[in-house]
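**Student:** Before anything else, here's the structure in question.
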Amino acid sequence: MLRDWRTELNRFLILMAVAGVIGLIADRLTLFFLIAVLGYLAHTFYELFRLHSWLDTLPESDQDEPPEAKGIWGNVFDGIYRLQRREREAVNHLKSILNKAQESSAALEMAVIMINRKGNLEWWNKAAEKLLGFRSEQDQQQAVTNLLREPRFFEYFEGGKYSEPLQIPSPLNKKIILEFQITLFGEGERLMLVRDVTQMHKLELMRKDFVGNVSHELRTPITVINGYLETLLDNRDSVAPRWVKPLEQMYQQSQRMESIVRDLLTLSRLETKALPKQQDNVDINSLLREIRTEAEQVFATKQHTILVECDGSHHLQGSMSELYSAISNLLFNAAKYTPDHGEIRVSATLVENGLDIEVADNGVGIEEQHLPRLTERFYRVDESRSTDTGGTGLGLAIVKHVLARHGARLEIRSEIGKGSRFICHFPKERLLRAAPEQTVRASA
266 MLRDWRTELN RFLILMAVAG VIGLIADRLT LFFLIAVLGY LAHTFYELFR
316 LHSWLDTLPE SDQDEPPEAK GIWGNVFDGI YRLQRREREA VNHLKSILNK
366 AQESSAALEM AVIMINRKGN LEWWNKAAEK LLGFRSEQDQ QQAVTNLLRE
416 PRFFEYFEGG KYSEPLQIPS PLNKKIILEF QITLFGEGER LMLVRDVTQM
466 HKLELMRKDF VGNVSHELRT PITVINGYLE TLLDNRDSVA PRWVKPLEQM
516 YQQSQRMESI VRDLLTLSRL ETKALPKQQD NVDINSLLRE IRTEAEQVFA
566 TKQHTILVEC DGSHHLQGSM SELYSAISNL LFNAAKYTPD HGEIRVSATL
616 VENGLDIEVA DNGVGIEEQH LPRLTERFYR VDESRSTDTG GTGLGLAIVK
666 HVLARHGARL EIRSEIGKGS RFICHFPKER LLRAAPEQTV RASA
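Structure representation (structure tokens):
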């Protein structure tokens, strides 16, 4: 490039030298210098005009060869031409990749939909036409919320919280259940994946019905067994001494089985029945104090210090009984697994996004690898410890379901040797002002 500029500079200097010689001979030095400069500028503008004309006609012209030129302008034309060729090759390569991606997605049974930042449809595969009824010509650039008018989808799409998928009936057939999962990319664009989960939904309903029915059927025989065992133990004088210990163990295990059945029935109810439209105005401060009193009575022999801390008067909209069950589960777990004379703090704190209810202890703590699975049914960190404390393995699963029904989520933090923290994050939409005539307290 430096050589080209030197050549161009030499040409300009030769032009000026020739103009100077002629000017000296004609005794018009300034005039001929001016004519030389104007001529050079005219040539420059002419080459600029040719460059502009070539670039202007390039998109429509099949002949993309650059104009013939000498010197620095020839290099400019050739350089732009090489850049243009590389750009075309890159575009063609990108088109090839996009075509392959579209062909691959077209073969998927899952619907793939691309939505622009305005919420309008940009592209979709054939599965989207089958599952959602999209039509290529009429629906292009249509707002997706105009085509999918289910209120739950509108709330999900506009809410922007896509960490969990949404399941709703198909707009074409209400018997078909579709699962929507949206991912954000680019500058506000969305990629929406939709799949048919009807069979999975049916299997899940069958599982829930099975658990609920079996638990219900087991409740009566277990109650009868408990009753007879309790009667025998109350009259242990009439029982042979060698049978007393086996009867006590049988009674302990039947009591545990009764607790498991009770928790399974609770889970079944939480999964199959929606929250009632008419919900309670729950006094959280009163609720926490009532649960503390019960925990102090149940675990009196462990002599824990249980503190309740609230940064104000808080009220939540929800089910009084369910919230009592969830928070008492957390507090009772903390009391069970914290060594004697431990300290447990139960707090309610107003935060920017709602209300946090936290149960924190200074117990043994839980290893990090167990934390993601703690809310699974029957998951145990330590089998022997859970058996000794009489746990069913369902308490945290109940907590998770109760919170989900109230639009809340559970966060678990723990450190070995320092204790655990269970934080219930309730959204601000659940917060209520105190209304004495409607408020439900734990003692009610």
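Adding 265 to a residue's 1-based position in the sequence shown gives its number in the numbering used here.
A virtual CB, placed ideally from N, CA and C, is assigned to each residue, including glycine.
Predicted model only: the values in this text are computed from it and were never measured.
1. Rounded to whole angstroms, what's the CA-CA distance from Asn-546 to Gln-405? Just pull it up for me.
2. Who are the near neighbours of Thr-603 in its chain, counting only those whose CB is closer than 6 angstroms to its CB and skipping five residues on each side?
3. Need the endpoints of the alpha helix (DSSP H) that Asn-627 sits in, please.
4. Using DSSP's beta-bridge definition, name the partner residues of Glu-574.
5. Applying the criterion that 16 or more other CB atoms from any shown protein chain within 10 Å of the CB defines a buried residue, is Ala-709 buried or exposed?
6. With respect to the alpha helix (DSSP H) encompassing Asp-474, which residues constitute its N-terminal and C-terminal limits?
7. State the DSSP-derived secondary structure class of Asp-327, mapped to helix, strand or coil.
8. Taking 8 angstroms as the limit between beta carbons, can you name the residues of its chain near Pro-434, skipping five residues before and five after?
9. For the alpha helix (DSSP H) containing Arg-686, list its first residue and its last residue.
10. Please report the Cβ distance between Val-611 and Ile-571, rounded to the nearest whole angstrom; I am assuming they are in contact, meaning their Cβ atoms lie under 8 angstroms.
11. Name the residue from Leu-615, Val-667, Gly-451 and Tyr-493 whose alpha carbon lies nearest to the alpha carbon of Leu-696.
12. Once the 5 residues before and after Ala-600 are set aside, which same chain residues still bring their CB inside 7 angstroms of it?
13. Output needed for Arg-698: all residues of its chain with C-beta closer than 7 angstroms, excluding positions within five of it in sequence on either side, in chain order.
14. What separation, rounded to the nearest whole angstrom, lies between the Cα atoms of Val-286 and His-308?
15. Helix, strand or coil for Ser-435? Go by DSSP, reduced to three states.
16. Buried or exposed: Arg-455, going by 16 or more other Cβ atoms within 10 Å of its Cβ?
17. For Phe-691 versus Ile-677, is the C-beta spacing smaller than 8 angstroms?
18. Alpha carbon to alpha carbon, what distance is there between Leu-540 and Phe-597?
19. Pop quiz: Ile-592 and Ile-622 are said to be a contact at Cβ under 8 angstroms. What is the actual Cβ separation, rounded to whole angstroms?
20. Cutting at 7 angstroms between CB atoms, please list the residues of its own chain near Gln-520, excluding the five before and the five after it.
21. Which stretch, first to last residue, makes up the alpha helix (DSSP H) that contains Val-664?
22. I need the straight-line Cα distance from Lys-683 to Asp-605, nearest angstrom please.
23. Rounding to the nearest angstrom, what Cα-Cα distance links Ile-681 and Glu-374 in this structure?
24. What first and last residue would you give for the alpha helix (DSSP H) that runs through Arg-507?
25. Taking C-alpha atoms, which residue in Glu-617, Asp-576, Leu-530 and Asp-548 lies nearest to Met-585?
26. Excluding the five sequence neighbours on either side, which residues of its own chain have a C-beta within less than 6 angstroms of the C-beta of Thr-448, listed in chain order?
27. Is it buried or exposed, Lys-665, if we count other Cβ atoms within 10 angstroms and call 16 or more buried?
28. Using DSSP with H/G/I as helix, E/B as strand and the rest coil, what is Gly-425?
29. Evaluate the contact criterion for the stretch 513 to 532 versus the stretch 486 to 502: three or more CB pairs, one atom per stretch, below 8 angstroms.
30. Rounded to whole angstroms, how far is the Cβ of Leu-668 from the Cβ of Cys-689, which I believe are closer than 8 angstroms?
31. For Val-341 and Leu-316, which I take to be in contact (beta-carbon distance under 8 angstroms), what is that distance rounded to the nearest angstrom?
32. If we call anything under 8 angstroms between Cβ atoms a contact, is Arg-527 one with Glu-587?
33. Applying the criterion that 16 or more other CB atoms from any shown protein chain within 10 Å of the CB defines a buried residue, is Val-705 buried or exposed?
34. Taking Arg-472 as the reference, which of Arg-417, Arg-484 and Leu-532 has the closest Cα?
35. At the level of alpha carbons, what is the spacing between Leu-294 and Ile-300?
**Tutor:** Let's see:
1. 47 angstroms
2. Asp-626 and Gly-628
3. Asn-627 -> no alpha helix (DSSP H), and no H or E assigned at all.
4. Ser-612
5. Note on Ala-709: pLDDT 37, under 50, position unreliable in the model; the coordinate value appears next. By the neighbour-count rule (16 or more Cβ atoms within 10 Å), Ala-709 is not buried but exposed.
6. 463 to 499
7. Note that Asp-327 scores a pLDDT of 48, beneath 50, so its modelled location is shaky; the value from the coordinates is reported in the next line. DSSP places Asp-327 in coil when its eight states are reduced to three.
8. Glu-415, Lys-440, Ile-441, Ile-442 and Leu-443
9. Unbroken run through Arg-686 is the beta strand (DSSP E), 684 to 692; no alpha helix (DSSP H).
10. 7 angstroms
11. Leu-615
12. Ala-560, Phe-564, Lys-567, His-569 and Ile-609
13. His-580
14. 21 angstroms
15. coil
16. buried
17. no
18. 25 angstroms
19. 6 angstroms
20. Asn-491
21. 660 to 670
22. 15 angstroms
23. 46 angstroms
24. 506 to 537
25. Asp-548
26. Leu-456
27. buried
28. coil
29. yes
30. 6 angstroms
31. 7 angstroms
32. no
33. Interpretation of Val-705 is limited by its pLDDT of 49, a score under 50 that renders its predicted location unreliable; no figure is taken from the coordinates.
34. Leu-532
35. 10 angstroms
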